[in-house]
Amino acid sequence: MRRPYLPLALVACLLAPACGQGSDRGVTLDFFQFKPEATAAFDTIIKSFEAEHPGIRVVQNHVPNAEAAIRTRLVKGDVPDVMTLNGASVFGELASAGVFRDFSKERVKDVVSPSIQRILNDLGTRAPGEVNGLPFASNAGGVIYNKDLFARHGVRPPSTWQELVAAAEKFKAAGVTPFYLTLKDAWTALPAFNALAASIPPQDFFAQRRAGKVTFAQAYQDVMAKLGQLFQYGQADRFSRGYDEGNRAFAEGKSAMYLQGSFAIPAIREIKPAFEIGTFALPAAEPPKLVSGVDVAVTMAREPAHPKEAMAFVEYLMRPEVMRAYAKEQVAVPPLKEARSEDPALQELMPYFEKGSLIGYPDHHIPLTIQLAPLLQQYLIDGDQQGFLREIDSEWDKAMERRS
Amino acid sequence: MSRAFYWMVLPAFVLFFVFHTVPVLQGVYYSLTNYPGYGEHAVIGLRNYVNLFKDDRILDAYLFTFKFAIVATVLTNVIALAIAIGLNARIRFRTALRGVFFIPNVLAILIVGYIFNYLFANSIPAIFGGTSILANPELAWVGIVIVAVWQAAAFAIIIYLAGLQTIPEDLLEAAMIDGAGAWRRFVSVVFPLIAPFFTVNMVLSLKNFLQVFDHIVALTNGGPGTATTSVSLLIYTGGFQGGEYAYQTANAIVYFIVIVLVSIFQLRILQRREASL
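For the protein sequence lines, the chains are A and B, in the order given. Residues in the first sequence are numbered from 1 upward in steps of one, following our numbering. Residues in the second sequence are numbered from 1 upward in steps of one, following our numbering.
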């Protein structure tokens, strides 16, 4: 009767990373890292951390589709010691469910800019006053543009909606694609949607929507009309091109503008564009505001296997010089008390950070189960604005009913 | 002696029970809760099941999946049977050709899917003009059918080939002497005799196509919009990305029952018309 258990034990041994390892080799931390573009950057950070802490080994785990992966791990009750996650709705959901540690009494949180910490806390915490994650890098949603093409056609970065449309018309008339669009990947409609949805509807829209006092059909007509208008200025095969192809095409100078956040800049630079990259905030309303989110949030398990070592690694990550070095490499803004990036491509956005006229991503308030991105993709294909608004209102109501 | 037989069955039974039956029972339990996949949860009775029937997105996924599965099953079996008859005839390079036609079965669907994705997005528009059919909400499902049939036919061919080799030569000779033409021999002798293999292929392909997942992930990811979202893909995206683990587990359990019922129904109908020697 005992025999069937032997293979089972062997299998279990193969699955458990630490099986058969002696404790004399020190502590191994399981570090879940969500951003495929940043794998090498974190390898460097880990190497210097390990040099400083000889008893600790950090194993970086990075997977495609990290948000689904972290959920599948949590379903199995397997919480990584230290994690980075995108500061989006999944982070808020997991924080509210009490998966993450409370940093509100830790000194390590003091380096962070309070306004950026608030953007992260607004996504959700286990209890009011808790801090369940620390912003490690901020991004900026805007429009990336090709400074050469702008100069050659005598166009200045637009600061009003009319100027933006006029610029797109001018490029179109000159035979230059205004925006390179990549709608094969549905999510690439989100940066522009967020910029519009952040400025046009009333600021308390989501609170009102949750209370059932307003609908998307009432407040989002202008957002969707403007989104549809922008996406007409794309290339013909916009529905069969993906994000990677878009980065390449923009880097090769195939369009004047690119509707992506600052996080796309490192990928574009990798293709060595022969022009200078600039950015401006999408001028959806006046005065324009900049959509900024926490690109990378650092957090750890509520009850990690090695609390002291995990905290040491978090403290190392949150050192200002580490954050600055990371931000420099990844073209992010370090969310320190004086948030500032030296990157030339982001200089035009720095005034928004200085004035604090930042606004979080609206789509983080929309439950993921609604599948906003595919719905936007559908709308941009068939142009059925009322159909889109009806669908998102009905999906919202269904999701809220299932949650209650 | 009889004890020994039990011992032979036991390991497989234990593995099956531990790794299959227990998770299924766990799933049944979770489908009665509001479990998001982590953290705390409470039992909420049949509310997930009630909500399932109010969700038009789930109905859309069922309609798409059945449309896809029926078309793909018919095409796979027609094409596979035709190729199998060809490969069973006395032709040159018969063994080599049999190998070639089997290759799609050993390739990973995801990789095949990405290659076809490139073909649809770049090569075909470059030759014939237009844009990718995968970007067209009305036609994207045709692209998935093409890839699925191409890949699934390989396995069906092998089963049909095995069936064709069970037909005794003398029966065909007798039919020929009686003056039966090629079509007559196929309809009256060959097809009735390979009917059990036809049953197996129909049941397996329909079941596999109803669970379609990899093809869609590689080709369209459920899009454009939600035009090609199959039930399995919806369970995955809603359950893991959307954070509605319990709700989609309820969906999975209903779908499991649907597939079992469809398979039993199919077996009943098809087995009734099998002939035997």
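Backbone N, C-alpha and C define an ideal beta-carbon position, used for all residues, glycine too.
### Task
Kindly indicate which three-state DSSP category A/Phe42 falls into: helix, strand or coil?
helix
### Query
Comparing alpha-carbon positions, which option in A/Gln377, A/Leu372, A/Arg402, A/Asp397 lies nearest A/Ser89?
A/Leu372
### Message
Going by C-alpha to C-alpha distance, which of B/Phe186, B/Asn208, B/Leu139 sits closest to B/Val149?
### Response
B/Asn208
### Query
Mind pulling the chain A residues with CB within less than 7 Å of B/Pro224?
Phe239, Gln377, Gln378, Ile381
### Task
Would you list the one or two residues that DSSP bridges to A/Leu358?
A/Leu290
### Task
Starting from the C-beta of B/Ile103, find all residues in its chain whose C-beta is less than 8 Å away, skip the five residues before and the five after it, and write them out in chain order.
Ala154
### Message
Applying the 10 Å Cβ sphere with the 16-neighbour rule, what's the burial state of B/His20?
### Response
exposed
### Query
Roughly how many angstroms separate the alpha carbons of A/Ser292 and B/Ile70, rounded to a whole number?
47 Å
### Message
Any beta carbon from chain A within less than 9 Å of B/Pro104's own beta carbon?
### Response
no
### Message
Given a cut-off of 9 Å on the beta-carbon distance, is the pair B/Asn251 and B/Ile269 in contact?
### Response
no
### Query
Got a sec: which bits of the region 231-264 of chain B sit with their beta carbon under 8 Å from any beta carbon on chain A, in order along the chain?
Tyr236, Thr237, Gly238, Phe240, Gln241, Gly242, Gly243, Glu244, Tyr245, Tyr247
#### Entry: Residue from A/Gln203, A/Ala301, A/His53 with nearest C-alpha to A/Asp102
A/Ala301
#### Entry: Helix, strand or coil at A/Thr424 [DSSP, three-state]
This structure gives no information on residue 424 of chain A, because the portion of chain A shown stretches from 1 to 404.
### Task
Could you say which of B/Thr228, B/Ala108, B/Ile167 lies nearest to B/Ile137 if we only look at CA atoms?
For the sequence presented, residue 137 of chain B should be read as Pro rather than Ile. The candidate whose alpha carbon is nearest that of B/Pro137 is B/Thr228.
#### Entry: Residue-chain proximity (B/Tyr38, chain A), Cβ-Cβ < 9 Å
yes
### chain B within 9 Å of A/Ile370, Cβ atoms only
yes
#### Entry: Close beta carbons around A/Pro374, own chain, < 7 Å, minus the five adjacent residues each side
Ala186
### Query
What number of angstroms, rounded off, separates the C-alpha of B/Ser132 from the C-alpha of A/Ser240?
6 Å
### Query
Nearest to B/Tyr255 by alpha carbon, out of B/Glu274, B/Gly243, B/Leu233?
B/Leu233
### Task
Compare the C-beta of A/Leu15 with all C-beta atoms of chain B and state if any pair is closer than 9 Å.
Residue confidence is low: A/Leu15 scores 46 on pLDDT, short of 50, so the model does not pin down where it sits. No coordinate-derived value is stated.
### Query
Does the beta carbon of A/Glu395 sit closer than 9 Å to a beta carbon anywhere in chain B?
yes
### Message
At the 9 Å Cβ level, is B/Leu59 part of the contact set with chain A, yes or no?
### Response
no
### Query
For B/Tyr38, which beta-bridge partners are listed by DSSP?
Answer by DSSP bridge pairing: none, since B/Tyr38 is not bridged.
### Task
Could you tell me which uninterrupted alpha helix (DSSP H) segments, each at least 4 residues in length, are contained entirely in the region 178-226 of chain B, listed from first to last along the chain?
182-185, 195-210, 214-219
### Task
Determine the closest residue to A/Lys213 out of A/Gly92, A/Asp397, A/Ala249, with distance taken between C-alpha atoms.
A/Asp397
### Query
Looking only at DSSP bridge pairs, what is A/Gly234 linked to?
A/Phe179
### Query
DSSP state of A/Gln60, grouped into three classes?
strand
### Query
For B/Asp55, which residues in chain A fall below 7 Å Cβ to Cβ?
Lys398
### Message
Within 10 Å of its beta-carbon, does B/Phe13 have 16 or more other beta-carbons around it, so buried, or fewer, so exposed?
### Response
exposed
### Query
Grouping DSSP H, G and I as helix and E and B as strand, with all else coil, what is A/Ala281?
coil
### Among A/Asn86, A/Val111, A/Arg340, A/Leu164, the one whose alpha carbon lies nearest that of A/Leu120
A/Asn86
### Message
Among A/Ala140, A/Pro135, A/Arg107, A/Gly356, whose alpha-carbon lies nearest the alpha-carbon of A/Phe263?
### Response
A/Ala140
### Query
Expressed to the nearest angstrom, what Euclidean distance is found between the alpha-carbon atoms of B/Ala108 and B/Ile127?
27 Å
### Message
Would you say A/Ala186 lies against chain B (beta-carbon separation less than 9 Å)?
### Response
yes
### Query
How would you call B/Ile264, buried or exposed, if buried means at least 16 neighbouring beta carbons within 10 angstroms?
exposed
### Task
Compare the beta carbon distance of A/Phe313 and A/Asp78 with 9 Å and say whether it is the shorter of the two.
no
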